[in-house]
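For the sequence shown, the working numbering gives the first residue as 2, with consecutive numbering after it.
Below is one structure; the comments refer to it alone.
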Amino acid sequence: ATLAQFLAEGRLAVEGVEVEHEKEFGPLRIRSRIDLVVRDPAGRRGVIDLKWTNSPGRRTKELAEGRAIQL
């Protein structure tokens, strides 16, 4: 409900959910999934990165173990 209210108040249109993205940086290829792509009334695109979990320490553990990379 909070996310829907945020989108409505910002007049943001959802352009995509779980959008796969790939980019090459020299010899390195990065693949990712964008949680939410939005577009504002002026046509500018934005990315909303959603974080949720039932376990408060889960993200911290993933980061510590090198299993969660955020760019």
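C-beta: ideal position from N, C-alpha, C; glycine also.
Checklist entry - By Cβ distance below 8 Å, which residues in the same chain neighbour Glu19 in space, the five residues on each side in sequence not counted? => result Arg34, Ile35 and Asp36
Next on the checklist: Tell me the DSSP secondary structure of Arg46 in three-state form.
Outcome noted: strand
Checklist entry - Arg12 by DSSP, collapsed to three states: which one? => result coil
Item to check | Opening and closing residue of the beta strand (DSSP E) in which Arg30 lies | outcome: Leu29 to Arg40
Next on the checklist: Tell me the residue span of the alpha helix (DSSP H) that contains Arg59.
Outcome noted: Arg59 to Ala65
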